[in-house]
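S.K.: Here you go, one structure.
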Amino acid sequence: MKILKIICYTASVAIFGSAGAASAAVIAVSSSAPTTGPDDIANLTGGTNNSENNDATAVWSDRPGQGQSFATGSNVGGYTMTGFTLQNFFVTTNWAAGPWNVQVGTLSGSTFTPIITESTSGTVNPSNTSYLTWTLDTPLTLSPNTLYAFYVSTPSGFGMVTNNSSTGSNPYANGTAFSSTADGQVIPGGGAAVVIRDRDRIFQVDLAAVPEPSTWAMVLGGMGLTVALRRARFSRKLRVQ
């Protein structure tokens, strides 16, 4: 019965997700682009690698936070989001020791409303054009066919300068880059207006399709039947003895 209870718990987390904000995301740096899985959403080509360093690109304490919207696919069970990646354009002289504030939420028009807010501390030292990946402390279940967004800000020092597509281009058709309206801003839970940019970040969102509830029901039903048959066989053996 322990096996069945564990599977029931796993199924409920996968189907319904978890509410509220977690505290500690994890940041990692790589010189290579992330591997794109079958359910991931990515725009990893077309970066300009130019010297644009302004309110539309930089994540510094005296610059707005930066984000990117994305649309989920049509999987009926939705998707589990475990993290996201942004490509850095170049190294600044003072890297933020934290916290990095990361938020995932919905974008409606020019209003970003966070669902979760996490932060991570620790100095990172990426090289030019390296990739920064934030892994969420609490994976988030996303609905299908919905516009979501992720957002990064830092309240202290310098952070990163995002690599983007050229101005006026949107190679990722289902979303767009955006910036906050205040420097180093953590978007409040009730949402806030953002500035929509005419470009896309070089990014990836890590997703895994969630099985449909009917699929979980079949799995649980099959496990329950297996447990019942084993118990029946064990009972018969006891009676024979």
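All residue numbers for the sequence shown refer to this note's numbering, where the first residue is 13 and numbers rise by one.
Each residue gets a CB set at the ideal place from its N, CA and C atoms; glycine is no exception.
1. Would you mind sorting Thr174 into buried or exposed? The rule is 16 or more other CB atoms within 10 Å of its CB.
2. Based on Cα-Cα distance, which residue from Gly59, Ala36, Pro50 lies nearest to Tyr143?
3. Using a Cβ distance threshold of 8 Å, determine whether the region 127 to 134 contacts the region 80 to 87, with at least three qualifying pairs required.
4. Can you look up Arg213 in the DSSP assignment and give me helix, strand or coil?
5. Hey, how far is the Cα of Ser43 from the Cα of Arg243?
6. Expressed to the nearest angstrom, what Euclidean distance is found between the alpha-carbon atoms of Glu224 and Thr48?
7. In the DSSP output, what is Phe101 paired with across the bridge?
8. Going straight from the alpha carbon of Ala221 to that of Pro46, what length do you get?
9. Determine the direct distance from the alpha carbon of Asp51 to that of Thr193, and round the result to whole angstroms.
10. Are Met93 and Asp218 touching if we call contact CB-CB under 8 Å?
11. Following the continuous beta strand (DSSP E) through Ser168, name the residue where it begins and the one where it ends.
12. Tell me the DSSP bridge mates of Asn55?
13. For Pro76, which of helix, strand or coil comes out of DSSP?
14. Can you list the beta strand (DSSP E) stretches of 3 or more residues lying completely in the region 105 to 140, in chain order?
15. Looking only at C-alpha atoms, which of Phe82, Val38, Asn182 sits nearest to Gly117?
16. Output needed for Asn176: all residues of its chain with C-beta closer than 7 Å, excluding positions within five of it in sequence on either side, in chain order.
17. If we ignore side chains and look at the alpha-carbon of each, how far apart do Pro126 and Asn186 end up?
18. Measure the C-alpha to C-alpha separation of Ala34 and Ile208 and round it to an integer number of angstroms.
19. If you draw a straight line from the C-alpha of Pro138 to the C-alpha of Asn113, how long is it?
20. Nearest by alpha-carbon distance to Met172: which of Ile128, Phe102, Ala161 is it?
M.R.: This is what the structure holds:
1. As a first step, residue 174 must be located in the sequence shown, where it is residue number 162. So Thr174 ends up on the buried side.
2. On the sequence shown, position 131 is the one that residue 143 refers to. Measuring C-alpha to C-alpha distances from Tyr143 to each of Gly59, Ala36, Pro50 identifies Gly59 as the nearest.
3. The region 80 to 87 and the region 127 to 134 do not touch, with fewer than three beta-carbon pairs separated by less than 8 Å.
4. Within the sequence shown, the letter at position 201 stands for residue 213. In this structure, Arg213 counts as strand in the three-state DSSP scheme.
5. Position 31 of the sequence shown, counted from the first residue, corresponds to residue 43. Position 231 of the sequence shown, counted from the first residue, corresponds to residue 243. So the two alpha carbons sit approximately 54 Å from each other.
6. Position 212 of the sequence shown, counted from the first residue, corresponds to residue 224. Position 36 of the sequence shown, counted from the first residue, corresponds to residue 48. Rounded to the nearest angstrom, the two C-alpha atoms are 23 Å apart.
7. Position 89 of the sequence shown, counted from the start, is the residue given in the question as residue 101. For Phe101, which the question treats as bridged, DSSP gives no partner whatsoever.
8. By one-based count along the sequence shown, residue 221 stands at place 209. By one-based count along the sequence shown, residue 46 stands at place 34. Straight through space, the alpha carbons of Pro46 and Ala221 are spaced by roughly 18 Å.
9. If you number the sequence shown from 1, residue 193 lands on position 181. If you number the sequence shown from 1, residue 51 lands on position 39. Each residue's Cα considered, the two are about 32 Å apart.
10. Start at 1 with the first residue of the sequence shown, and residue 93 comes out as number 81. Start at 1 with the first residue of the sequence shown, and residue 218 comes out as number 206. Contact flag set, yes.
11. For the purposes of this step, residue 168 is taken as residue 156 along the sequence shown, with counting starting at 1. Per DSSP, Ser168 is not a residue of any beta strand (DSSP E), being assigned neither H nor E.
12. Here residue 55 refers to the residue found at position 43 when the sequence shown is read from its first residue. Answer is Phe215, bridged to Asn55.
13. Here the question's residue 76 lines up with position 64 in the sequence shown. It is a strand residue.
14. For secondary structure counted as the beta strand (DSSP E) over 3 or more consecutive residues, the region 105 to 140 holds these complete runs in sequence order: 112 to 120, 123 to 132.
15. Here residue 117 corresponds to residue number 105 of the sequence shown, with the count starting at 1. Answer by Cα proximity: Phe82.
16. The sequence position of residue 176 within the sequence shown is 164, counting from 1. Around Asn176: Gly59, Thr60, Thr69, Ala189, Arg211, Asp212, Arg213, Ile214.
17. Residue mapping note: residue 126 aligns to position 114 of the sequence shown, counting from 1. Residue mapping note: residue 186 aligns to position 174 of the sequence shown, counting from 1. Rounded to whole angstroms, Pro126 to Asn186 spans 19 Å at the Cα level.
18. As a working note, residue 34 is residue 22 in the sequence shown. As a working note, residue 208 is residue 196 in the sequence shown. Residue confidence for Ala34 is low, a pLDDT of 47 falling below 50, so the modelled location carries little weight; the figure read from the coordinates is stated next. Ala34 and Ile208 have their C-alpha atoms spaced approximately 27 Å apart.
19. Here residue 138 refers to the residue found at position 126 of the sequence shown. Here residue 113 refers to the residue found at position 101 of the sequence shown. Distance from the CA atom of Pro138 to the CA atom of Asn113, rounded to whole angstroms, is 18 Å.
20. Residue numbering aside, residue 172 sits at position 160 when the sequence shown is read from its first letter. Answer by Cα proximity: Phe102.
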